[in-house]
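Residue numbering for the sequence shown follows my numbering, starting at -6 and increasing by one per position. Backbone N, C-alpha and C define an ideal beta-carbon position, used for all residues, glycine too. Working notes, beginning with the structure itself.
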Amino acid sequence: MRKYIFVILCFVISCVSAQKNVLFIGNSYIYTNDLPAMIADMASSTNDKIIYSSNTPGGCTFRQHCLNGSMDLIRQGGWDVVVLQEQSQYPSFLLWQVEADVYPYAEMLVDSVYAYSDCPEPMFFMTWGRKNGDTDNAKDYPPLGTYEGMDSLLRERYIYMGNAFHASVCPAGKVWYYLRHNHKSVELYSKDGSHPSVAGTYAAACAFYTMIFEKDPTLVSYNSSLDTATARVIREAAKTVVYDSLAIWKRSMPVAAFTYKNVGNATVSFRAQTDSVDSWEWNFGDDSSCYGETVKHTFPANGTYEVMLTVTRHCLKDSVVVNIEINDSVSTNDIYAADDETNGDENVRIVDAAGRIVYQGKRMYAPFSSLPAGVYFVNRKKVVIGLRNR
(Lines of atoms letter the chains of each structure in order from A and count residues from 1; the text may use other names and numbers.)
(Lines give C-alpha, C1' and ligand atoms only; values in the text may rest on other atoms or scores of the structure.)
Protein backbone atom coordinates (compact mmCIF):
# COMPACT_ATOMS: atom_id res chain seq x y z
CA MET A 1 0.00 0.00 0.00
CA ARG A 2 2.81 2.40 0.85
CA LYS A 3 4.35 1.83 -2.56
CA TYR A 4 1.17 2.99 -4.31
CA ILE A 5 0.92 6.06 -2.09
CA PHE A 6 4.53 6.96 -2.92
CA VAL A 7 3.90 6.63 -6.66
CA ILE A 8 0.79 8.81 -6.44
CA LEU A 9 2.64 11.49 -4.47
CA CYS A 10 5.48 11.55 -7.00
CA PHE A 11 2.97 11.92 -9.82
CA VAL A 12 1.23 14.83 -8.08
CA ILE A 13 4.52 16.60 -7.38
CA SER A 14 5.66 16.21 -10.99
CA CYS A 15 2.42 17.78 -12.20
CA VAL A 16 2.65 20.88 -10.02
CA SER A 17 2.72 23.82 -12.41
CA ALA A 18 4.77 27.00 -12.23
CA GLN A 19 2.96 30.25 -13.01
CA LYS A 20 4.60 33.50 -14.06
CA ASN A 21 3.11 36.93 -14.63
CA VAL A 22 4.99 38.38 -17.61
CA LEU A 23 4.90 41.83 -19.18
CA PHE A 24 6.24 42.26 -22.73
CA ILE A 25 7.47 45.71 -23.75
CA GLY A 26 8.78 46.07 -27.28
CA ASN A 27 7.50 46.29 -30.84
CA SER A 28 6.75 44.22 -33.93
CA TYR A 29 9.39 41.58 -33.18
CA ILE A 30 7.14 40.57 -30.27
CA TYR A 31 3.69 40.90 -31.86
CA THR A 32 4.65 39.21 -35.14
CA ASN A 33 3.33 35.63 -34.88
CA ASP A 34 2.24 36.51 -31.30
CA LEU A 35 5.39 35.58 -29.43
CA PRO A 36 3.75 35.77 -25.94
CA ALA A 37 0.97 33.37 -26.95
CA MET A 38 3.50 30.94 -28.38
CA ILE A 39 5.46 30.95 -25.12
CA ALA A 40 2.22 30.37 -23.24
CA ASP A 41 1.42 27.35 -25.45
CA MET A 42 4.87 25.93 -24.83
CA ALA A 43 4.43 26.39 -21.09
CA SER A 44 1.05 24.65 -21.17
CA SER A 45 2.66 21.60 -22.74
CA THR A 46 4.86 21.22 -19.64
CA ASN A 47 2.13 22.02 -17.10
CA ASP A 48 3.42 25.55 -16.62
CA LYS A 49 1.58 28.81 -17.19
CA ILE A 50 2.22 32.43 -18.04
CA ILE A 51 -0.28 35.21 -17.59
CA TYR A 52 0.85 38.05 -19.80
CA SER A 53 0.20 41.56 -20.97
CA SER A 54 2.05 43.59 -23.58
CA ASN A 55 2.65 46.97 -25.14
CA THR A 56 4.33 46.52 -28.52
CA PRO A 57 3.71 49.40 -30.97
CA GLY A 58 5.59 48.96 -34.24
CA GLY A 59 9.11 50.38 -34.19
CA CYS A 60 8.79 51.63 -30.61
CA THR A 61 12.03 52.56 -28.84
CA PHE A 62 12.95 52.43 -25.16
CA ARG A 63 12.72 56.21 -25.07
CA GLN A 64 9.17 56.12 -26.40
CA HIS A 65 8.23 53.36 -23.96
CA CYS A 66 9.33 55.64 -21.12
CA LEU A 67 6.69 58.13 -22.28
CA ASN A 68 3.79 55.90 -23.31
CA GLY A 69 1.51 53.36 -21.65
CA SER A 70 4.36 50.97 -20.88
CA MET A 71 5.16 52.89 -17.72
CA ASP A 72 1.55 52.58 -16.59
CA LEU A 73 1.74 48.81 -17.06
CA ILE A 74 5.01 48.63 -15.13
CA ARG A 75 3.52 50.68 -12.30
CA GLN A 76 0.66 48.21 -11.95
CA GLY A 77 3.23 45.89 -10.34
CA GLY A 78 2.85 42.20 -9.67
CA TRP A 79 5.16 41.18 -12.52
CA ASP A 80 7.49 38.19 -12.17
CA VAL A 81 9.25 38.95 -15.46
CA VAL A 82 9.30 42.10 -17.59
CA VAL A 83 10.65 41.63 -21.12
CA LEU A 84 12.31 44.71 -22.64
CA GLN A 85 13.00 44.92 -26.37
CA GLU A 86 14.53 47.96 -28.07
CA GLN A 87 13.78 48.91 -31.67
CA SER A 88 15.47 46.25 -33.80
CA GLN A 89 18.29 48.44 -35.22
CA TYR A 90 19.00 50.94 -32.47
CA PRO A 91 21.38 48.96 -30.20
CA SER A 92 23.68 48.26 -33.18
CA PHE A 93 24.21 51.94 -34.04
CA LEU A 94 27.31 54.00 -33.31
CA LEU A 95 28.32 53.69 -29.67
CA TRP A 96 27.90 57.38 -28.84
CA GLN A 97 24.38 57.22 -30.22
CA VAL A 98 23.53 54.12 -28.21
CA GLU A 99 24.98 55.67 -25.07
CA ALA A 100 22.81 58.75 -25.57
CA ASP A 101 19.58 57.27 -26.93
CA VAL A 102 19.38 53.67 -25.65
CA TYR A 103 21.21 53.07 -22.37
CA PRO A 104 19.64 55.86 -20.27
CA TYR A 105 16.10 54.74 -21.14
CA ALA A 106 16.93 51.06 -20.70
CA GLU A 107 18.14 51.90 -17.20
CA MET A 108 15.02 53.96 -16.50
CA LEU A 109 12.79 51.04 -17.50
CA VAL A 110 14.74 48.53 -15.38
CA ASP A 111 14.71 50.84 -12.36
CA SER A 112 10.94 51.22 -12.70
CA VAL A 113 10.47 47.46 -12.92
CA TYR A 114 12.34 47.02 -9.63
CA ALA A 115 10.49 49.91 -8.00
CA TYR A 116 6.93 48.74 -8.65
CA SER A 117 7.03 44.92 -8.32
CA ASP A 118 8.17 42.64 -5.53
CA CYS A 119 11.12 40.52 -6.65
CA PRO A 120 10.71 40.99 -10.43
CA GLU A 121 13.17 39.87 -13.10
CA PRO A 122 13.82 42.44 -15.86
CA MET A 123 14.82 40.56 -19.01
CA PHE A 124 16.25 42.15 -22.14
CA PHE A 125 15.23 40.59 -25.45
CA MET A 126 18.44 40.10 -27.44
CA THR A 127 17.22 40.32 -31.03
CA TRP A 128 19.04 39.28 -34.23
CA GLY A 129 20.83 40.88 -37.13
CA ARG A 130 18.90 41.33 -40.33
CA LYS A 131 19.32 38.58 -42.88
CA ASN A 132 21.70 40.62 -45.05
CA GLY A 133 22.64 43.29 -42.55
CA ASP A 134 21.34 46.86 -42.25
CA THR A 135 22.19 47.97 -45.77
CA ASP A 136 20.53 51.38 -45.36
CA ASN A 137 22.90 52.41 -42.56
CA ALA A 138 25.99 50.50 -43.70
CA LYS A 139 27.24 53.42 -45.78
CA ASP A 140 27.63 55.48 -42.58
CA TYR A 141 28.66 52.59 -40.31
CA PRO A 142 30.17 49.71 -42.34
CA PRO A 143 29.93 47.03 -39.58
CA LEU A 144 26.17 47.06 -40.14
CA GLY A 145 26.60 45.92 -43.73
CA THR A 146 26.51 42.20 -42.92
CA TYR A 147 24.41 39.93 -40.74
CA GLU A 148 27.48 38.99 -38.69
CA GLY A 149 28.45 42.61 -38.09
CA MET A 150 25.00 43.78 -37.07
CA ASP A 151 24.28 40.68 -35.00
CA SER A 152 27.54 40.90 -33.03
CA LEU A 153 26.84 44.55 -32.15
CA LEU A 154 23.32 43.73 -30.96
CA ARG A 155 24.65 40.88 -28.84
CA GLU A 156 27.40 43.04 -27.33
CA ARG A 157 25.05 45.92 -26.43
CA TYR A 158 22.31 43.73 -24.91
CA ILE A 159 24.87 41.88 -22.78
CA TYR A 160 26.23 45.23 -21.64
CA MET A 161 22.76 46.42 -20.62
CA GLY A 162 22.13 43.22 -18.70
CA ASN A 163 25.38 43.56 -16.76
CA ALA A 164 25.16 47.32 -16.23
CA PHE A 165 21.54 47.44 -15.06
CA HIS A 166 21.35 44.06 -13.31
CA ALA A 167 18.91 42.38 -15.67
CA SER A 168 18.78 38.99 -17.34
CA VAL A 169 19.26 38.69 -21.10
CA CYS A 170 17.21 36.30 -23.20
CA PRO A 171 19.63 35.32 -26.02
CA ALA A 172 17.08 34.75 -28.76
CA GLY A 173 19.51 36.28 -31.25
CA LYS A 174 22.19 33.84 -30.15
CA VAL A 175 19.80 30.92 -30.81
CA TRP A 176 19.21 32.33 -34.28
CA TYR A 177 22.97 32.57 -34.81
CA TYR A 178 23.38 28.92 -33.82
CA LEU A 179 20.62 27.81 -36.18
CA ARG A 180 21.91 29.93 -39.08
CA HIS A 181 25.33 28.30 -38.78
CA ASN A 182 24.31 24.74 -37.93
CA HIS A 183 20.87 24.24 -39.51
CA LYS A 184 20.74 26.42 -42.59
CA SER A 185 17.60 24.75 -43.89
CA VAL A 186 15.55 26.35 -41.08
CA GLU A 187 14.22 29.63 -42.46
CA LEU A 188 14.05 32.07 -39.57
CA TYR A 189 13.12 35.22 -41.50
CA SER A 190 9.98 36.42 -43.15
CA LYS A 191 10.22 37.85 -46.67
CA ASP A 192 11.46 41.25 -45.48
CA GLY A 193 14.65 39.72 -44.09
CA SER A 194 14.04 41.33 -40.71
CA HIS A 195 10.90 40.06 -38.98
CA PRO A 196 10.68 36.44 -37.85
CA SER A 197 9.00 33.62 -39.69
CA VAL A 198 7.01 31.16 -37.60
CA ALA A 199 10.24 29.20 -37.12
CA GLY A 200 12.02 32.39 -36.05
CA THR A 201 9.35 33.22 -33.48
CA TYR A 202 9.42 29.60 -32.30
CA ALA A 203 13.18 29.90 -31.74
CA ALA A 204 12.69 33.08 -29.71
CA ALA A 205 9.84 31.46 -27.77
CA CYS A 206 12.03 28.47 -26.87
CA ALA A 207 14.66 30.86 -25.54
CA PHE A 208 12.09 32.74 -23.45
CA TYR A 209 10.47 29.55 -22.15
CA THR A 210 13.89 28.40 -20.96
CA MET A 211 14.76 31.73 -19.35
CA ILE A 212 11.39 32.28 -17.65
CA PHE A 213 10.95 28.78 -16.21
CA GLU A 214 14.63 27.71 -16.14
CA LYS A 215 13.65 24.40 -17.71
CA ASP A 216 15.03 22.28 -20.53
CA PRO A 217 13.17 23.33 -23.72
CA THR A 218 13.39 19.81 -25.12
CA LEU A 219 10.63 18.97 -22.62
CA VAL A 220 8.23 21.10 -24.69
CA SER A 221 5.83 19.11 -26.86
CA TYR A 222 4.12 22.07 -28.58
CA ASN A 223 5.28 22.48 -32.21
CA SER A 224 3.14 25.42 -33.36
CA SER A 225 2.60 24.99 -37.12
CA LEU A 226 6.08 23.56 -37.67
CA ASP A 227 6.78 19.99 -38.61
CA THR A 228 7.99 17.80 -35.77
CA ALA A 229 11.58 17.54 -37.02
CA THR A 230 12.05 21.31 -37.41
CA ALA A 231 10.53 22.04 -34.00
CA ARG A 232 12.82 19.46 -32.41
CA VAL A 233 15.91 20.98 -34.03
CA ILE A 234 14.99 24.43 -32.71
CA ARG A 235 14.31 23.16 -29.19
CA GLU A 236 17.66 21.39 -29.15
CA ALA A 237 19.37 24.59 -30.30
CA ALA A 238 17.74 26.50 -27.44
CA LYS A 239 18.91 23.84 -25.01
CA THR A 240 22.49 24.15 -26.23
CA VAL A 241 22.58 27.94 -26.28
CA VAL A 242 20.33 28.87 -23.36
CA TYR A 243 19.62 26.03 -20.95
CA ASP A 244 23.16 24.66 -20.88
CA SER A 245 24.49 28.15 -20.08
CA LEU A 246 21.74 29.66 -17.93
CA ALA A 247 24.23 31.20 -15.53
CA ILE A 248 25.60 33.35 -18.36
CA TRP A 249 22.22 34.83 -19.28
CA LYS A 250 20.66 35.19 -15.84
CA ARG A 251 21.26 38.19 -13.58
CA SER A 252 24.46 37.90 -11.60
CA MET A 253 24.10 36.74 -8.02
CA PRO A 254 25.51 38.86 -5.21
CA VAL A 255 28.53 37.28 -3.53
CA ALA A 256 28.81 37.53 0.26
CA ALA A 257 32.25 38.14 1.74
CA PHE A 258 33.64 40.01 4.73
CA THR A 259 36.72 40.85 6.75
CA TYR A 260 36.97 41.22 10.52
CA LYS A 261 39.31 42.62 13.15
CA ASN A 262 39.55 42.32 16.92
CA VAL A 263 39.26 45.76 18.52
CA GLY A 264 39.41 44.76 22.21
CA ASN A 265 36.98 44.09 25.06
CA ALA A 266 35.55 41.02 23.29
CA THR A 267 34.50 43.27 20.43
CA VAL A 268 35.08 42.44 16.78
CA SER A 269 34.64 44.83 13.88
CA PHE A 270 33.17 43.40 10.66
CA ARG A 271 33.18 44.91 7.18
CA ALA A 272 31.27 43.46 4.21
CA GLN A 273 33.20 43.23 0.95
CA THR A 274 30.12 43.03 -1.25
CA ASP A 275 29.06 46.21 -3.05
CA SER A 276 25.90 47.10 -4.98
CA VAL A 277 23.53 45.21 -2.72
CA ASP A 278 20.32 46.21 -0.99
CA SER A 279 21.03 44.85 2.49
CA TRP A 280 23.62 43.18 4.71
CA GLU A 281 22.33 40.91 7.49
CA TRP A 282 24.71 39.61 10.16
CA ASN A 283 24.10 36.64 12.46
CA PHE A 284 26.81 36.29 15.09
CA GLY A 285 26.09 32.76 16.26
CA ASP A 286 25.11 33.88 19.75
CA ASP A 287 21.40 34.55 19.13
CA SER A 288 22.07 38.13 18.07
CA SER A 289 21.99 39.82 14.68
CA CYS A 290 22.08 43.23 13.05
CA TYR A 291 22.12 44.99 9.67
CA GLY A 292 24.68 47.17 7.99
CA GLU A 293 27.72 47.16 5.75
CA THR A 294 30.13 47.77 8.66
CA VAL A 295 29.23 46.61 12.17
CA LYS A 296 30.77 45.87 15.56
CA HIS A 297 29.77 43.08 17.91
CA THR A 298 30.77 42.14 21.46
CA PHE A 299 30.73 38.40 22.11
CA PRO A 300 29.53 37.16 25.50
CA ALA A 301 32.26 34.61 26.27
CA ASN A 302 35.13 32.57 24.89
CA GLY A 303 34.26 30.04 22.24
CA THR A 304 33.90 29.54 18.50
CA TYR A 305 31.06 31.40 16.81
CA GLU A 306 29.63 30.82 13.35
CA VAL A 307 29.27 34.33 11.98
CA MET A 308 27.05 34.47 8.90
CA LEU A 309 26.66 37.37 6.48
CA THR A 310 23.69 37.32 4.11
CA VAL A 311 23.56 39.89 1.32
CA THR A 312 20.50 40.65 -0.78
CA ARG A 313 20.20 42.34 -4.16
CA HIS A 314 16.79 42.52 -5.79
CA CYS A 315 15.64 39.46 -3.81
CA LEU A 316 18.67 37.41 -4.84
CA LYS A 317 20.60 36.25 -1.77
CA ASP A 318 23.99 34.79 -0.95
CA SER A 319 25.46 33.84 2.42
CA VAL A 320 28.90 33.08 3.81
CA VAL A 321 29.77 31.59 7.20
CA VAL A 322 33.11 32.11 8.94
CA ASN A 323 34.10 30.55 12.28
CA ILE A 324 35.33 33.27 14.62
CA GLU A 325 37.30 32.05 17.65
CA ILE A 326 37.00 34.08 20.83
CA ASN A 327 39.71 32.79 23.18
CA ASP A 328 41.53 35.38 25.18
CA SER A 329 41.59 37.36 28.42
CA VAL A 330 43.04 40.60 29.71
CA SER A 331 45.97 40.91 32.05
CA THR A 332 45.78 41.39 35.80
CA ASN A 333 46.70 45.03 35.34
CA ASP A 334 43.61 45.52 33.16
CA ILE A 335 41.45 44.28 36.01
CA TYR A 336 43.29 46.43 38.52
CA ALA A 337 42.70 49.48 36.36
CA ALA A 338 38.98 48.80 36.48
CA ASP A 339 39.04 48.24 40.24
CA ASP A 340 41.81 50.47 41.48
CA GLU A 341 40.07 51.36 44.76
CA THR A 342 41.13 48.04 46.29
CA ASN A 343 44.58 46.78 47.09
CA GLY A 344 46.23 43.43 46.55
CA ASP A 345 45.52 42.18 50.11
CA GLU A 346 41.84 43.00 50.11
CA ASN A 347 39.20 40.32 49.78
CA VAL A 348 37.40 40.29 46.43
CA ARG A 349 34.51 38.36 44.96
CA ILE A 350 34.24 37.84 41.22
CA VAL A 351 30.80 37.05 39.82
CA ASP A 352 30.10 36.26 36.15
CA ALA A 353 27.20 37.63 34.09
CA ALA A 354 25.01 34.64 35.07
CA GLY A 355 25.43 35.46 38.78
CA ARG A 356 27.81 32.58 39.52
CA ILE A 357 30.72 33.20 41.92
CA VAL A 358 33.87 32.30 40.01
CA TYR A 359 36.30 33.38 42.77
CA GLN A 360 36.21 34.61 46.35
CA GLY A 361 39.37 35.37 48.36
CA LYS A 362 42.42 37.56 48.46
CA ARG A 363 42.84 39.73 45.42
CA MET A 364 46.47 38.74 44.91
CA TYR A 365 45.35 35.16 44.26
CA ALA A 366 42.42 35.99 41.97
CA PRO A 367 42.55 34.12 38.59
CA PHE A 368 42.28 37.29 36.54
CA SER A 369 44.52 36.19 33.69
CA SER A 370 42.74 32.87 33.15
CA LEU A 371 39.15 34.07 33.07
CA PRO A 372 37.46 33.70 29.66
CA ALA A 373 36.27 36.82 27.90
CA GLY A 374 32.98 38.16 29.16
CA VAL A 375 31.29 40.46 31.67
CA TYR A 376 32.16 40.12 35.36
CA PHE A 377 31.51 41.98 38.60
CA VAL A 378 34.49 42.50 40.93
CA ASN A 379 33.09 43.54 44.30
CA ARG A 380 29.95 44.65 42.44
CA LYS A 381 31.89 46.77 39.98
CA LYS A 382 31.36 45.81 36.32
CA VAL A 383 34.46 44.67 34.50
CA VAL A 384 34.61 43.55 30.87
CA ILE A 385 37.30 41.01 30.09
CA GLY A 386 37.97 41.18 26.39
CA LEU A 387 40.25 39.83 23.73
CA ARG A 388 43.96 40.36 23.54
CA ASN A 389 45.21 41.29 20.09
CA ARG A 390 47.73 38.73 18.99
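Apart from sequence neighbours up to five positions away, the residues of its chain that approach A33 with a beta-carbon distance below 7 Å are I43, Y45, ordered along the chain. R173 sits in a helix when the DSSP states are folded into three classes.
Exclusion of the five residues before and after T287 leaves R264 as the residues of its chain whose Cβ lies within less than 6 Å of its Cβ.
Going by beta carbons, V304 and W273 fall inside the 7 Å limit. Secondary structure note for R56: its alpha helix (DSSP H) is the uninterrupted segment 55 to 58. By the beta-carbon neighbour count (other beta carbons within 10 angstroms, threshold 16), Q353 is exposed. In the three-state reduction of the DSSP assignment, M119 falls in the coil class. A straight-line Cα-Cα distance of about 19 Å links R173 and S85. Nearest in C-alpha terms to Y284, of all of M101, T49, M301, L77, is M301. Of the candidates S105, E207, F251, L239, E207 places its Cα closest to the Cα of Q12.
Inter-residue distance for C163 and T221 is about 24 Å (C-alpha atoms, whole angstroms). Residue environment for I23: buried (at least 16 other C-beta atoms within 10 angstroms of its C-beta). At a Cβ-Cβ threshold of 7 Å, P189 and C199 do not count as neighbours. Listed in chain order, the non-local C-beta contacts of G186 below 8 Å within the same chain comprise R123, K124, N125, local neighbours out to five positions each way being set aside. Considered as a whole, the stretch 233 to 267 harbours 251 to 257, 260 to 265 as its complete beta strand (DSSP E) runs of no fewer than 3 residues, in chain order. In the assembly as shown, L146 is a buried residue. Its beta-carbon has 16 or more other beta-carbons within 10 Å. Taking a contact to require three or more Cβ pairs closer than 8 Å, the stretch 239 to 252 and the stretch 62 to 80 do not qualify as touching. Taking 4 residues as the shortest admissible run, the stretch 153 to 237 contains the following complete alpha helix (DSSP H) segments, listed from N- to C-terminal end: 165 to 175, 191 to 206, 221 to 234. About 15 Å separates the beta carbons of Y202 and G193, which is beyond the 8 Å limit, so they are not a contact pair. The distance from the Cβ of S38 to that of Y153 is about 34 Å, inconsistent with a contact at the 8 Å cut-off. Residue pairing by DSSP puts E299 in a beta bridge opposite N316. For R342, the enclosing beta strand (DSSP E) has its first and last residue at 340 to 345. Two segments are said to touch when three or more pairs of C-beta atoms, one from each, lie closer than 8 Å; by this definition the stretch 255 to 264 does not touch the stretch 222 to 231. At the C-beta level, I18 and N61 stay beyond 7 Å of one another. Secondary structure at W89: helix, using DSSP grouped into helix, strand and coil.
DSSP places T128 outside any beta strand (DSSP E); the residue lies instead in the alpha helix (DSSP H), whose first and last residues are 128 to 131.
Distance from the CA of M357 to the CA of A294, rounded to the nearest whole angstrom, comes to 24 Å.
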